[in-house]
Amino acid sequence: MWVNVDNLVFSRNNRRPIEQDEAVGRRAGIFIALGLFATPYVLRHRIIPGSEAVWALNPLVLLSVAWLLLYMLGHKYSMSRSVSVVRFVLFAGLVFLAFSTGMSISYLISCLFPLVLLLIVIPETIFPSFFEGFMRVLNVVMVIIVACAACDVVSGSAVSKTFTAFYGSASLVSMSSSGRLVSIMGHSLLTAEVALLYFALSHIANRAMGIRVNQVLVTLITAAVVLLTGSRSAMVCLLCMFILAYSNADNIKYCIVIIFGLFAFYLAGLFDTMIDRIMIGIKTGDMTSSRNIQLDQLIAAGIIRYEWFAGHEFDYSNGLLVIALEYPLLRFAFSYGIAFAVLLGIYLFLLPLMQTFRSLGAVPCGLLALYFVHVNTYSSICSTQDGMLQCVIVAWLFIGAARYLAYLQVSRSTEPGE
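Residue numbering for the sequence shown follows my numbering, beginning at 8 and increasing consecutively.
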C-alpha cells in the first residue's frame with residue numbers, strides 16, 4: 008500500500024527489516040556529522056596539504072552519502088514529478104551557467120556538487136535515525152566547543168591561541184588576539200554558524216522528530232559560543248531565534264531561567280568581546296566591518312558590475328574586492344552572472360523555506376530563514392571549503408523533517424477506523 012505525501016510516495020512495505028534501516032540511517036548521520044564538524048576543511052588542509060581542488064569536497068561526507076544511496080537503492084519509494092521537476096530544472100540551469108561562465112574545478116566540487124543532496128529523498132524508515140545520529144554528534148561537538156570556550160575565559164584565550172598556532176592563519180591570529188573564540192572549525196564566524204544551526208536543529212528535534220531536548224541548556228550553550236565568537240550578525244540572528252522559539256506562553260518559565268543564565272554570562276565577562284565589537288562599529292559608523300562601504304565605492308568606480316549571463320574574474324589578491332563581496336549571492340552574481348545567483352537563491356534558500364513552512368509551520372521556517380541570513384553575511388558558501396556543503400545539509404535536514412512530519416500526518420489519517 009502506498010501513501011502519497013507532498014512530493015514523495017512512501018511505501019509501508021519495506022524490503023529490509025526496520026532495525027537495519029534504522030542502523031544504517033544512524034551510522035550515516037553520525038559519519039556525515041563527523042565529516043562536517045570533526046574533519047573540517049581547515050583541519051584536512053593542515054594535516055595533509057594539497058590544492059583547493061583536492062580538499063574542496065569533504066571525503067568522509069562524500070563516502071557516507073554514497074554508502075547511504077547504495078543502501079537506499081533497495082527501497083520502495085519514489086519522487087513525484089511536481090516539486091522534484093522544479094528542482095531538477097533549477098539544478099540543470101545552475102550547471103549550465105556554471106560551465107558557460109567558466110567555474111573552476113574546485114568551485115564545481117565545493118559549491119555546485121553539494122547541491123545534488125537537495126534532490127535526494129531519505130525514506131521515512133531511515134530519516135528519523137539519520138537525524139538522531141547527526142544530532143548525537145552535533146551535541147558532542149557543541150559540548151566540546153563550549154568546554155574550550157570556558158577554558159578560554161579562565162586562561163586568557165589559551166585554547167584559541169593553540170588552534171590559531173596549529174592552523175597558522177593570519178586571519179585567525181587577528182581574531183584570537185582580539186579575544187574572539189577560535190575552535191576546531193577555525194574562523195570565528197564558522198563556529199558561530201555551527202552554534203546557530205545547533206539551536207535551530209535542536210528545536211526541530213524536539214518539535215518534529217520526538218527527540219527530547221533540554222531547551223534551556225541548548226539556548227545557554229548557543230548563547231555562550233556566539234558571544235565569545237564576537238559575531239554581531241550571529242548575535243542578532245540568535246536573538247531573533249530566541250524570540251521565535253520562545254514566543255509561546257508555555258515557554259515563559261524557560262525565559263526566566265535563560266535571563267538569569269545570560270546575566271551570569273555578563274558577570275563572567277562573556278559579553279565583553281561582543282560589546283567591544285559593537286562599540287567599534289558604532290564609532291566607525293559601520294556595523295558590517297566596512298563591507299558596505301567598500302561595496303558602494305567599488306560599484307561607483309565601476310570595478311564591481313553585474314551582468315545577467317556573464318561573469319567576471321574574481322581577483323583574490325584585491326583585498327578591497329574580497330571585503331566588498333563578502334555577501335555570497337553578490338559574489339556569485341559578480342563571478343557567474345545574475346541569473347546564476349537568482350537560480351541559486353531559489354534552489355537553496357526559497358524552496359526549502361517554502362517546504363518547511365508548509366509542513367512544519369512558521370517558527371521552524373523562521374529559524375531556517377535566520378540561519379540563512381547569517382550564512383549570507385559572509386563568504387563561507389562561496390569559498391572552496393565546507394561552507395556550501397554544511398548549508399545544504401542543514402537545508403536537507405529541515406526538508407527531511409518536513410517530509411517526515413507530513414508522512415506521519417497522512418499515515419495517521421489513513422489508518423483504519425479514521
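Every residue, glycine too, gets a C-beta built ideally from N, C-alpha and C. None of the values given here were measured: they were computed from a predicted structure.
Distance, residue j Cα to residue i Cα
{"i": "Pro335", "j": "Phe356", "result": "12 Å"}
{"i": "Leu350", "j": "Arg51", "result": "31 Å"}
{"i": "Ala308", "j": "Ser178", "result": "27 Å"}
{"i": "Leu332", "j": "Ala207", "result": "27 Å"}
{"i": "Glu320", "j": "Tyr114", "result": "13 Å"}
{"i": "Leu101", "j": "Ala212", "result": "32 Å"}
{"i": "Ser111", "j": "Leu77", "result": "29 Å"}
{"i": "Asp283", "j": "Gly407", "result": "40 Å"}
{"i": "Ser254", "j": "Ile265", "result": "14 Å"}
{"i": "Leu75", "j": "Pro24", "result": "16 Å"}
{"i": "Phe405", "j": "Ile353", "result": "16 Å"}
{"i": "Asn325", "j": "Gly109", "result": "20 Å"}
{"i": "Met361", "j": "Phe95", "result": "17 Å"}
{"i": "Ala256", "j": "Ile250", "result": "12 Å"}
{"i": "Ile287", "j": "Ser107", "result": "43 Å"}
{"i": "Leu224", "j": "Phe267", "result": "13 Å"}
{"i": "Ala230", "j": "Gln301", "result": "30 Å"}
{"i": "Ile259", "j": "Met248", "result": "15 Å"}
DSSP state of residue i mapped onto helix, strand, coil
{"i": "Ser71", "result": "helix"}
{"i": "Gly193", "result": "strand"}
{"i": "Ile310", "result": "coil"}
{"i": "Ala317", "result": "coil"}
{"i": "Asp393", "result": "coil"}
{"i": "Leu357", "result": "helix"}
{"i": "Phe206", "result": "helix"}
{"i": "Gly109", "result": "coil"}
{"i": "Ser181", "result": "helix"}
{"i": "Thr198", "result": "helix"}
{"i": "Val220", "result": "coil"}
{"i": "Leu80", "result": "coil"}
{"i": "Phe364", "result": "helix"}
{"i": "Pro56", "result": "coil"}
{"i": "Asn299", "result": "helix"}
{"i": "Glu26", "result": "helix"}
{"i": "Phe138", "result": "helix"}
{"i": "Tyr414", "result": "helix"}
{"i": "Val401", "result": "helix"}
{"i": "Gln304", "result": "helix"}
{"i": "Gly407", "result": "helix"}
{"i": "Val144", "result": "helix"}
{"i": "Thr46", "result": "coil"}
Closest Cα partner of residue i within the set the options
{"i": "Leu126", "options": "Val399, Ala275 and Val417", "result": "Val399"}
{"i": "Tyr323", "options": "Val161, Thr391, Val72 and Ala275", "result": "Thr391"}
{"i": "His210", "options": "Cys158, Ala348 and Asn146", "result": "Asn146"}
{"i": "Met281", "options": "Leu77, Arg187 and Leu412", "result": "Arg187"}
{"i": "Phe435", "options": "Arg214, Val68 and Val160", "result": "Nothing about residue 435 can be reported from this structure: the residues present for the chain run from 8 to 425 only."}
{"i": "Val220", "options": "Phe95, Met142, Glu333 and Gln362", "result": "Met142"}
{"i": "Gly276", "options": "Ile25, Trp74 and Gly163", "result": "Gly163"}
{"i": "Leu481", "options": "Leu377, Tyr354, Gly407 and Gln27", "result": "Beyond the ends of the chain as shown, which are 8 and 425, falls residue 481; an answer cannot be given."}
{"i": "Ala402", "options": "Leu415, Ser111, Ala256 and Val382", "result": "Val382"}
{"i": "Thr384", "options": "Phe341, Asn299 and Met361", "result": "Asn299"}
{"i": "Leu246", "options": "Thr226, Gly109, Val264 and Lys290", "result": "Thr226"}
{"i": "Val148", "options": "Asp257, Ser184, Val49 and Ile228", "result": "Ile228"}
{"i": "Ile133", "options": "Gly193, Glu26, Ala154 and Ser342", "result": "Glu26"}
{"i": "Leu97", "options": "Glu29, Leu404, Phe405 and Ala348", "result": "Ala348"}
{"i": "Ser184", "options": "Lys168, Ser190, His194 and Ser195", "result": "Lys168"}
{"i": "Cys155", "options": "Ser181, Val180, Leu122 and Val189", "result": "Val189"}
{"i": "Ile191", "options": "Ile306, Ile263, Leu327 and Val153", "result": "Val153"}
Own chain residues within Cβ distance below 8 Å of residue i, not counting five before or after
{"i": "Val93", "result": "Leu358"}
{"i": "Glu314", "result": "Gly344 and Ile345"}
{"i": "Leu412", "result": "Ala215, Ser366 and Leu367"}
{"i": "Arg53", "result": "Phe173, Tyr174 and Gly175"}
Beta-carbon proximity list for residue i, same chain, < 6 Å, skipping 5 on both sides
{"i": "Val118", "result": "In the sequence as presented, Val is not what sits at residue 118; that position holds Cys. Excluding positions up to five away in sequence, the list reads Met395."}
{"i": "Ser342", "result": "Gly318 and Phe321"}
{"i": "Gln222", "result": "Tyr261"}
{"i": "Phe316", "result": "Gly344 and Ala346"}
{"i": "Ser387", "result": "Gly394"}
Contacting residues, own chain, Cβ-Cβ under 7 Å from residue i (five flanking each side not counted)
{"i": "Val380", "result": "Cys244"}
{"i": "Cys389", "result": "Cys118, Pro335, Arg338 and Phe339"}
{"i": "Val144", "result": "Ile37, Ala40, Leu41 and Phe44"}
{"i": "Cys158", "result": "Ala165 and Val166"}
{"i": "Val12", "result": "Model confidence at Val12 stands at a pLDDT of 42, short of 50, so the residue's coordinates are unreliable; what they give is reported in the following sentence. Arg410, Ala413, Tyr414 and Val417, listed in sequence order."}
{"i": "Val437", "result": "This structure cannot settle anything about residue 437, because the visible part of the chain is limited to 8 through 425."}
{"i": "Gln397", "result": "Leu43"}
{"i": "Ala30", "result": "none"}
{"i": "Val180", "result": "Thr171"}
Any chance the stretch 133-141 sits against the stretch 32-50, with 3 or more Cβ pairs inside 8 Å? At 8 Å Cβ cutoff, the stretches touch.
Are three or more beta carbon pairs between the stretch 195-207 and the stretch 229-249 nearer than 8 Å? Because the criterion of three Cβ pairs below 8 Å is met, the stretch 195-207 and the stretch 229-249 touch.
Decide yes or no for the touch test of the stretch 367-386 against the stretch 159-175: beta carbon pairs closer than 8 Å, at least 3 of them. Contact between the stretch 367-386 and the stretch 159-175 is absent, because fewer than three Cβ pairs lie under 8 Å.
Counting pairs of Cβ atoms below 8 Å between the stretch 258-273 and the stretch 226-235, do you hit three or more? Yes: the two stretches touch, three or more of their Cβ pairs being nearer than 8 Å.
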